[in-house]
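For reference, the structure is listed below as C-alpha cells.
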Amino acid sequence: MSLTAEDVRHVAMLARLGLEPGEEEFYAAQLGAILAHIDRLRELDTEAIPPTAQAVPLPARMREDEPRPGLSQERALANAPAAREGYFVVGAIQEAEP
Amino acid sequence: MERHLAVIEREEPRIGAFLRVTEDLARSQAAEADRRLASGEGVTPLTGIPLAIKDVICVAGVETTAGSRILSGFRPPYDATVIARLREAGAVFLGMTNCDEFAMGSSTENSGYHPTRNPHDPSRVPGGSSGGSAAAVASGEAVYALGTDTGGSIRQPAALCGVVGMKPTYGRVSRYGLIAFASSLDQIGPFATGVRDAALVLQAVSGPDPRDATSADRPVDVLSELEAGVEGLRLGVPREYFQVEGMEPGVKATVERALLVLERAGAELVEVSLPHTDYGLAAYYIIAPAECSSNLARFDSVRYGLRVEGENLLETYLRTRRQGFGPEVRRRIMLGTYALSAGYYDAYYLRAQKVRTLIARDFEQAFLHCDAIVSATSPVVAFPLGAKLADPLAMYLNDVLTLGGNLAGLPGVSVPCGTSEGLPVGLQVLAPQWRDATALRVARAYEVARD
Numbered sequence: 001m002s003l004t005a006e007d008v009r010h011v012a013m014l015a016r017l018g019l020e021p022g023e024e025e026f027y028a029a030q031l032g033a034i035l036a037h038i039d040r041l042r043e044l045d046t047e048a049i050p051p052t053a054q055a056v057p058l059p060a061r062m063r064e065d066e067p068r069p070g071l072s073q074e075r076a077l078a079n080a081p082a083a084r085e086g087y088f089v090v091g092a093i094q095e096a097e098p
Numbered sequence: 001m002e003r004h005l006a007v008i009e010r011e012e013p014r015i016g017a018f019l020r021v022t023e024d025l026a027r028s029q030a031a032e033a034d035r036r037l038a039s040g041e042g043v044t045p046l047t048g049i050p051l052a053i054k055d056v057i058c059v060a061g062v063e064t065t066a067g068s069r070i071l072s073g074f075r076p077p078y079d080a081t082v083i084a085r086l087r088e089a090g091a092v093f094l095g096m097t098n099c100d101e102f103a104m105g106s107s108t109e110n111s112g113y114h115p116t117r118n119p120h121d122p123s124r125v126p127g128g129s130s131g132g133s134a135a136a137v138a139s140g141e142a143v144y145a146l147g148t149d150t151g152g153s154i155r156q157p158a159a160l161c162g163v164v165g166m167k168p169t170y171g172r173v174s175r176y177g178l179i180a181f182a183s184s185l186d187q188i189g190p191f192a193t194g195v196r197d198a199a200l201v202l203q204a205v206s207g208p209d210p211r212d213a214t215s216a217d218r219p220v221d222v223l224s225e226l227e228a229g230v231e232g233l234r235l236g237v238p239r240e241y242f243q244v245e246g247m248e249p250g251v252k253a254t255v256e257r258a259l260l261v262l263e264r265a266g267a268e269l270v271e272v273s274l275p276h277t278d279y280g281l282a283a284y285y286i287i288a289p290a291e292c293s294s295n296l297a298r299f300d301s302v303r304y305g306l307r308v309e310g311e312n313l314l315e316t317y318l319r320t321r322r323q324g325f326g327p328e329v330r331r332r333i334m335l336g337t338y339a340l341s342a343g344y345y346d347a348y349y350l351r352a353q354k355v356r357t358l359i360a361r362d363f364e365q366a367f368l369h370c371d372a373i374v375s376a377t378s379p380v381v382a383f384p385l386g387a388k389l390a391d392p393l394a395m396y397l398n399d400v401l402t403l404g405g406n407l408a409g410l411p412g413v414s415v416p417c418g419t420s421e422g423l424p425v426g427l428q429v430l431a432p433q434w435r436d437a438t439a440l441r442v443a444r445a446y447e448v449a450r451d
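Protein chains in written order, with our numbering: chain A, 1 to 98; chain V, 1 to 451.
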C-alpha cells in the first residue's frame with residue numbers, strides 16, 4: 001500500500017496535526033514503508049477469527065454510586081494555558097455577525 | 001539517599017537519565033522515613049528506599065511531561081495510584097526519568113528534551129522507551145525505578161542496560177494516573193538490579209484499584225514462588241523467536257548458554273511454536289498507533305499543556321500539535337488515524353485485532369506444553385545513538401520478541417544473562433496470564449544458578 005501526499009494531508013487534518021511545506025512527501029514515504037510491512041497481515045485468512053480488543057478477560061465491575069469530592073475549580077484550572085473568572089479561555093469558534 | 005543524590009550529580013552529565021531531580025521532595029520523604037524507622041510504625045520493605053519514576057506516571061505537584069514538549073510545565077493535580085501506594089509505603093522519590101515521547105520508541109532518542117546514554121557505553125542508547133529508568137538503576141543513581149511497557153518498553157531497556165525489568169500481567173497494576181499511550185497494552189512495572197527487589201516493588205504497587213476498571217480484583221501473590229527453583233518446570237523454547245530478522249549471533253549464543261544453565265538447574269527445555277510471530281509487529285503497529293491517535297486527541301491546548309495561538313481554534317490546534325509533538329509521535333498519530341479512517345478500518349484495524357487473537361492463541365497453545373517461555377528479550381545489544389533514527393521500521397524491529405507479550409496480556413521478566421560484544425544481553429521469561437509469580441520464579445532461579 002503506498003500513500004500519497006494527499007493522503008497524508010487528509011490524515012494530518014483529521015488528527016489536527018499541522019504540517020510544514022514538504023512534510024507531506026516525507027511522511028508519505030515513511031508511512032508507506034511501514035504500511036508495506038503491515039500489508040503482510042493480508043496473507044492470513046482471518047475470515048472466521050473473532051477480533052481481540054483487549055487480551056485479558058475482565059468482568060465489568062460496578063461501584064457504589066456515591067458522591068465523592070472531585071478536583072476543586074482552582075486545581076482543575078491550575079494547568080490551563082489561559083483561564084478567566086473560573087473558566088478555560090479559548091479562541092472564538094464562530095465569527096461574529098457583520 | 002544523600003549518597004544517591006551524589007551519584008546522580010556525578011553520573012548525570014554522562015548518562016542523562018533524569019529529566020528532573022526532586023531533591024527537596026526526596027529529602028523530606030527521607031526525613032519522614034527516618035521517623036518511621038525510629039518509631040517502628042508504618043515500616044515496609046520500601047521505606048526509605050530511593051527510586052526513580054518514568055516521566056509518564058503522574059506525581060502530584062511534580063512536573064510530569066511524558067518526555068514531550070506539549071506537556072512542558074504540567075504539574076499533575078493528583079498522584080497515580082502506584083505513586084500513592086509508594087508514598088504510603090514510605091518511599092523516597094529521586095525524580096522523573098527520561099523516556100521516548102509518550103513512551104513511543106525503543107531508544108529514548110525520541111525524548112522531546114535530550115537523549116539518555118547507556119551506562120555501559122555512553123556512545124550507545126539505553127533502549128526505550130523507559131531508557132531513563134533503566135539507566136538510572138544500571139548506573140546506581142536509583143535503587144529501583146518504575147517504567148511502563150506497551151510493546152517492550154520495560155524489558156528491552158532492562159536488557160540493553162543489564163538490569164532486571166518486569167512487565168506484569170495486563171490488569172495486575174492500576175493505570176490510574178499513567179499518561180496513556182495504548183490503553184489495551186500499557187502496564188506499569190519495576191526495574192531493579194535483582195529479581196527479588198523487582199518482585200518486592202511489584203508486590204507493593206499491585207492490586208485492584210476502584211479508579212481503574214481494568215485493574216483486576218485478584219490476590220497479589222507475586223512473591224509466593226520466588227525461591228522455588230526450576231526443578232521439574234517445563235520451559236518452552238519458541239523456535240521462531242530464535243530465527244527473527246536481525247537476531248545477532250552473539251545474542252543468540254548468549255541466550256542459548258543461559259538456557260543450558262536453567263537446564264542444569266533442573267528445568268526441562270521443550271521446543272514450542274508461536275507460528276504467527278512474523279505477523280506480531282504488523283498487528284502491533286496498527287493497534288498501538290490506533291489507540292494512541294485516540295488517546296493523544298486530548299492534547300488540544302485548552303485545559304493543560306502547550307498552546308500556540310492561531311487565528312482561530314482550528315489554527316490553534318494545528319499549530320499547537322505541530323510544535324508540541326515530535327516526529328515519531330506525529331508518525332504514529334497519522335498511522336493510527338489512517339488505520340481507523342473510513343474505508344481502511346476493516347482492512348487494517350479490524351484485521352489487526354483478528355491477528356491479535358491468533359497471536360494470543362499461539363501462546364495459549366504453547367502454554368499447554370510448558371510452564372513458561374524463555375527467549376532473548378531483544379534480538380540486538382545496545383546500538384549507537386543515531387543508528388536507527390532514519391528508519392522507523394528498523395527501530396520497531398527491536399520489539400519483535402517483546403510485543404507478543406503485550407498483545408496477549410502476559411507477564412514477562414527480562415533478567416541479565418551475560419554479554420555479547422561486551423554489552424549486556426537479557427533473557428526474557430514469559431508466563432501465562434496471572435502467573436507473574438512463575439515468571440519471577442524462573443528469572444530468580446536463573447539468577448541463583450548463574451551466580
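C-beta atoms are modelled at their ideal positions from N, C-alpha and C, and glycine is treated no differently.
- Between G73 of chain V and T97 of chain V, the gap from beta carbon to beta carbon reaches 9 Å or more.
- Considering only V:H120, V:D186 and V:A80, the residue with the shortest C-alpha distance to P168 of chain V is V:D186.
- Shown in chain order are the members of the stretch 42-55 of chain A whose Cβ falls below 7 Å from a Cβ of chain V: L44, T46, I49, P50, P51, T52, A53, Q54 and A55.
- For the pair of segments examined, the stretch 136-151 of chain V was found not to touch the stretch 379-395 of chain V: the number of CB pairs separated by less than 8 Å stays below three.
- Runs of the alpha helix (DSSP H) lying entirely within the stretch 103-147 of chain V, each at least 4 residues long, are 131-138 in chain order.
- Every beta strand (DSSP E) of 3 residues or more that sits fully in the stretch 171-250 of chain V is shown, in chain order, as 187-192 and 234-238.
- Neighbours of L269 of chain V in chain A, taken as residues at a C-beta separation under 7 Å, are lacking, since the least C-beta distance is about 26 Å.
- Pairwise C-beta distances place the stretch 437-451 of chain V out of contact with the stretch 237-255 of chain V, as fewer than three of them are shorter than 8 Å.
- According to DSSP, A83 of chain A shares a beta bridge with A:F88.
- Bounds of the alpha helix (DSSP H) holding G324 of chain V are L313 to G324.
- Per DSSP, reduced to three states, the secondary structure at K388 of chain V is coil, with no helix or strand assignment.
- DSSP places A431 of chain V outside both helix and strand once states are collapsed to three, so it counts as coil.
- The DSSP-derived three-state label of L262 of chain V is helix.
- Within the model, the alpha-carbon separation for A158 of chain V versus L318 of chain V is close to 37 Å.
- Chain order gives no chain A residues near G412 of chain V, where near means a beta carbon separation below 9 Å; the closest approach is about 13 Å.
- V425 of chain V sits close to T419 of chain V, with the two beta carbons spaced by under 9 Å.
- CA-CA distance, V261 of chain V to V400 of chain V, rounds to 24 Å.
- For L51 of chain V, the pairing in a beta bridge is given by DSSP as V:F93 and V:Y144.
- Three or more Cβ pairs closer than 8 Å define a contact, and the stretch 272-284 of chain V meets that threshold against the stretch 355-362 of chain V.
- Using beta-carbon distances, D278 of chain V counts as an interface residue toward chain A, with a partner under 9 Å.
- In this structure, T47 of chain V lies away from G95 of chain V, with their beta-carbon atoms at least 9 Å apart.
- Assignment of M1 of chain V by DSSP, reduced to helix, strand and coil, places it in the coil class.
- By DSSP's assignment, D149 of chain V forms a beta bridge with V:Q187.
- Residue-level contact by beta carbon fails for A5 of chain A and chain V, as no gap is shorter than 9 Å.
- Taking 8 Å as the cut-off between beta carbons, the residues of the stretch 15-30 of chain A near chain V are A15, R16, L17, G18, L19, E20, Y27 and Q30, in sequence order.
- Neighbours of R75 of chain A across chain V, judged by C-beta separation under 8 Å: P77.
- Straight-line spacing of the CA atoms in T320 of chain V and E20 of chain A works out to 13 Å.
- Excluding the 5 residues flanking it on each side, G405 of chain V has same chain C-beta neighbours closer than 7 Å at K167, G412 and L430, in chain order.
- For I373 of chain V, the enclosing beta strand (DSSP E) starts and ends at A372 to A376.
- Put simply, of V:A439, V:S68, V:L5 and V:I70 the residue whose alpha carbon is nearest the alpha carbon of V21 of chain V is V:L5.
- In the structure shown, G67 of chain V falls within a coil segment according to DSSP collapsed to helix, strand and coil.
- Within the stretch 65-93 of chain A, L71, R75, A76, A78, N79, A80, P81, A82, F88, V90, G91, A92 and I93 place their CB atoms closer than 8 Å to a CB of chain V, listed in sequence order.
- Contacts between R40 of chain A and chain V, judged by CB atoms closer than 8 Å, involve D278, Y279 and A282 in chain order.
- Listed along chain A, no residue sits closer than 8 Å to S68 of chain V by beta-carbon distance, the nearest being about 14 Å off.
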